[in-house]
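Here our numbering = 1-based position in the sequence shown + 2.
Note that the Cβ used here is the ideal one computed from N, Cα and C, for glycine as well.
What follows is a set of notes on a single structure, which appears directly below.
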Amino acid sequence: MKQTLASAVEDFRSARLQAQLSDLVSRLTGRSTELLSYEEVRRKLKARERSAERLEDIPLDAIVGSVGRYRDFTRSFLPRHESSRDRWARVEVAMTGMKGVPPIEVYKVGDAYFVRDGHHRVSVARQFGSDQIQAYVTEVETKVPLGPDVEPEDLILKAEYAEFLERTDIDDVRSQADLRVTEPGKYPLLEEHIEVHRHFMGLEQERHIPYTEAVAHWYEEVYLPVVQLIRQRGLLRDFPERTETDLYLWLSEHRALLEEELGWEITPEMAASDLTARFSRKTGRVLKRMGRRVLDAVTPDGLEPGPPTGQWREERVANRQDHRLFPSILVAIRGDESGWSALEQALILARHEGARLHGLHVLSTEDHKGRPETRVVQEAFESRCQGAGIPGNLVFDVGPVQRTICDRARWADLVVISLDHPPLPQPVSRLSSGLVTLIRRCPRPVLTVPHGPSQLQHALLAYDGTPKAHEALFVATYVAARWGISLTVLTVHEDEHVGPDTIEEARHYLEAHDVRAAYVELSKGAGGSVPGSVLGTAEERGCDLILIGGYGMGPMAEAVLGSTVDRILRESQWPVLICR
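As structure tokens, this is what we get:
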């Protein structure tokens, strides 16, 4: 219906009032109601106009800016100035009359539009509630995508992205690359990554590396593998406000910080697991972190049950890309003669695995790090590793010994310790035993070394069908198959849960993995014991490694009733591998 000039003026006043209210809300909330300046966007995004234009209907809510008049209207094209009244009213009368109005003229940048001519027509159309308007559209080319939801503060990021693309030409080198970030100042970090990669490419290939070649190689060999890890782990679900490039940079930084803190290399997979465990805002992960902190605060170390059975295997599957079970070995170093037995044993194991050793020497205070005896330990460790041809590094840390070892163990695959103080038989001694606490709390299998090192040629698996014994069976299968060593499986019938079928379970599992073994079944008998049967069989069969599951009962019950694990540790002359 055609409007009169008077009614059109009233519509303008209503629109002006809405504009004032919108600006007031903007000041209160901090949310911008400004149109974008086309010239600023074109300059920052390094856009180039095409000469051709076409006539089409465009969505009104995709118009986000103006050429020269971005201060005269709000983001929803409400008029801000009284001086626009007469022209605005005349446009409304024309748009509702028989004559109509010509199409507006716009620039299209990505999926967003900027009005070159026809601001009042857009304003009136928005007031009428129209969805579309006819326009002559001139395309503007830019390397950076722009959408109708773009905000003024987004232009900083868009401008930085445009400059990054111009300097690297990565969109030409790899057209599918999407390197958008959500925080300013990140693109110089990406360029630094590229330059570092280019430097090492030059050293490795002994030639000058053209910049575009380095960009492509960095994208394919460094950036994409991390992005693939991000996708596999579903990290965007844990951090939905981030982009893949955000997470690439965060993960790289987090990994570097962890390596600096630990003193050794860790895999991107392990860094990703730690990132989500520590910083994800998903409800389940937040509650898990809170529960862990509460439990840690109120539970004495000696009464902590430790990680769930099999958790170490699940983490290994998530964090490993090769088939080795123990590629990273943590060995506790004390520095005295008996303490070096753990290192010698770890060196033998590392030769079987092709593993890297991470030595850990725990000190009582920071002052001890600078003492001469600490340097002696460092030199002795390096000398023994070099003599064995095994890569290794030694780090010094300060804190309670058992807790420090357990905290660092999650960054390795196996912990090796010397066994100089096995658990005593008295209940109070068992509760306060540092070794028992370490075995319970440690998130990885623990190899205890009682005397000199073993050559690890014949393993004895003590199997009773319990979940932790299944973990020991898994490890025994691996070492027998990969290391090519002999394996004996022992089952001792002591109660209803260790029946005739127990050893058959082990036999079927081993045969399914093409592992041959000898099988021994014993009855505990009057006056006999499981630990005695295990140790006796190891001696009779010439075994030099015992594999057992971890503690089967809670800390208090084990302290009162005694433990098979503790007695084996007290009496064994061979290394004992305790599996969770």
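Exercise for the section: Note down, in chain order, each residue of its chain lying with its Cβ closer than 6 Å to the Cβ of L38, except the 5 sequence neighbours on either side. Expected result: Within the same chain, L38 has close Cβ partners V66 and G67.
Exercise for the section: Reducing DSSP to helix, strand and coil, say where Y109 ends up. Expected result: Collapsing the DSSP output to three states places Y109 in a strand.
Handout entry: Whole-number beta carbon distance between T144 and A161, since they are thought to touch under 8 Å
Key = About 11 Å; that fails the 8 Å criterion.
Exercise for the section: Assign E153 to one of three DSSP states: helix, strand, or coil. Expected result: E153 falls in the coil class under three-state DSSP.
Handout entry: Nonlocal neighbours in the same chain, by C-beta distance under 6 Å from E246, ignoring five residues either side
Key = So the qualifying residues of the chain are V229 and I232.
Practice task
Could you give the DSSP three-state label for G454: helix, strand or coil?
Solution key: In this structure, G454 counts as coil in the three-state DSSP scheme.
Problem - Burial state of F116 (16 or more Cβ within 10 Å) - result: Buried is the call here.
Exercise for the section: Using only alpha-carbon positions, find the residue among R287, K290 and R235 that is nearest to E271. Expected result: The shortest C-alpha to C-alpha distance from E271 to any of R287, K290 and R235 is the one to R235.
Handout entry: beta strand (DSSP E) segment containing Q136, residue limits
Key = Per DSSP, Q136 belongs to the beta strand (DSSP E) from Q134 to E143.
Handout entry: Where P577 sits in the DSSP three-state scheme
Key = The DSSP-derived three-state label of P577 is coil.
Handout entry: Span of the beta strand (DSSP E), counted from its first residue to its last, around V417
Key = For V417, the enclosing beta strand (DSSP E) stretches over residues L416 to S420.
Problem - H122 to L289 span [Cα, whole Å] - result: Their backbone Cα atoms lie some 54 Å apart in a straight line.
Practice task
Indicate the three-state DSSP secondary structure (helix, strand or coil) for A352 in the structure shown.
Solution key: Of the three classes helix, strand and coil, the one that applies to A352 here is helix, per DSSP.
Handout entry: Among D503, I487 and G486, the one whose alpha carbon lies nearest that of V494
Key = The option with the nearest alpha carbon to V494 is D503.
Practice task
Tell me whether the beta-carbon of A274 lies closer than 8 Å to the beta-carbon of L253.
Solution key: Between A274 and L253, the CB-CB gap stays under 8 Å.
Practice task
From the DSSP output, in three-state form, read off H195 for me.
Solution key: DSSP places H195 in helix when its eight states are reduced to three.
Problem - Proximal residues to D113 (C-beta, below 8 Å), its chain only, five neighbours per side dropped - result: Take D113, set aside five residues on each side of it, and the residues of its chain with a beta-carbon closer than 8 Å to its own are A64, P147, L148, G149 and P150, in chain order.
Exercise for the section: Measure the CB-CB distance between V43 and L157 and report whether it falls below 8 Å. Expected result: Contact: yes.
Exercise for the section: Please report how far the alpha carbon of E506 lies from the alpha carbon of V403, in whole angstroms. Expected result: Rounded to the nearest angstrom, the two C-alpha atoms are 41 Å apart.
Handout entry: 8 Å contact criterion, which S125 and F166 should meet: CB distance rounded
Key = Not a contact, Cβ separation roughly 36 Å.
Exercise for the section: Would you list the one or two residues that DSSP bridges to S488? Expected result: Answer is H460.
Handout entry: Pick from L524, A414 and R442 that is closest to Y465, judged by C-alpha positions
Key = Of the candidates L524, A414 and R442, the residue whose Cα lies closest to the Cα of Y465 is L524.
Exercise for the section: Tell me P81's beta-bridge partners as DSSP assigns them. Expected result: Looking at the DSSP assignment, P81 forms a beta bridge with F75.
Problem - Other residues of its chain near C545: CB distance less than 7 Å, five sequence neighbours each side excluded - result: Within the same chain, C545 has close Cβ partners H460, A461, L462, T490 and W576.
Practice task
Report yes if the C-beta distance between R82 and A21 is below 8 Å; otherwise report no.
Solution key: It is a contact, given that the beta carbons lie within the stated cut-off.
Practice task
Run the CB neighbour count on S86, radius 10 Å, all protein chains shown included, and call it buried at 16 or more, exposed below.
Solution key: It is buried - the Cβ of S86 has at least 16 other Cβ atoms within 10 Å.
Problem - Touching by the beta-carbon criterion (3+ pairs, under 8 Å), the stretch 25-34 and the stretch 85-100 - result: When C-beta atoms of the stretch 25-34 are compared with those of the stretch 85-100, fewer than three pairs fall below 8 Å, so the two segments do not count as touching.
Practice task
Following the continuous beta strand (DSSP E) through E586, name the residue where it begins and the one where it ends.
Solution key: This structure does not reach residue 586, given that the chain is present from 3 up to 582, and the question cannot be answered.
Problem - Spatial distance of E368 from I196 (CA atoms) - result: One Cα belongs to E368, the other to I196, and the distance between them is close to 38 Å.
Problem - One or two residues paired with F116 in a DSSP bridge - result: Under DSSP, F116 takes part in a beta bridge, and its partners are G67 and Y109.
Practice task
Measure from the alpha carbon of I268 to the alpha carbon of each residue in R318, Q313, P242 and S24, then state which is nearest.
Solution key: The option with the nearest alpha carbon to I268 is R318.
Problem - R582 vs P447 beta-carbon contact at 8 Å - result: Judged by beta-carbon spacing, P447 lies within the 8 Å limit of R582, meaning their Cβ atoms are closer than that value.
Exercise for the section: Tell me, please, which residues DSSP counts as bridged to E55. Expected result: Looking at the DSSP assignment, E55 forms a beta bridge with T140.
Practice task
Following the continuous beta strand (DSSP E) through A520, name the residue where it begins and the one where it ends.
Solution key: A520 to S525 is the span of the beta strand (DSSP E), which, as asked, contains A520.
Practice task
Would you kindly check if the distance between the Cβ of G551 and the Cβ of A478 is under 8 Å?
Solution key: It is not a contact, given that the beta carbons lie outside the stated cut-off.
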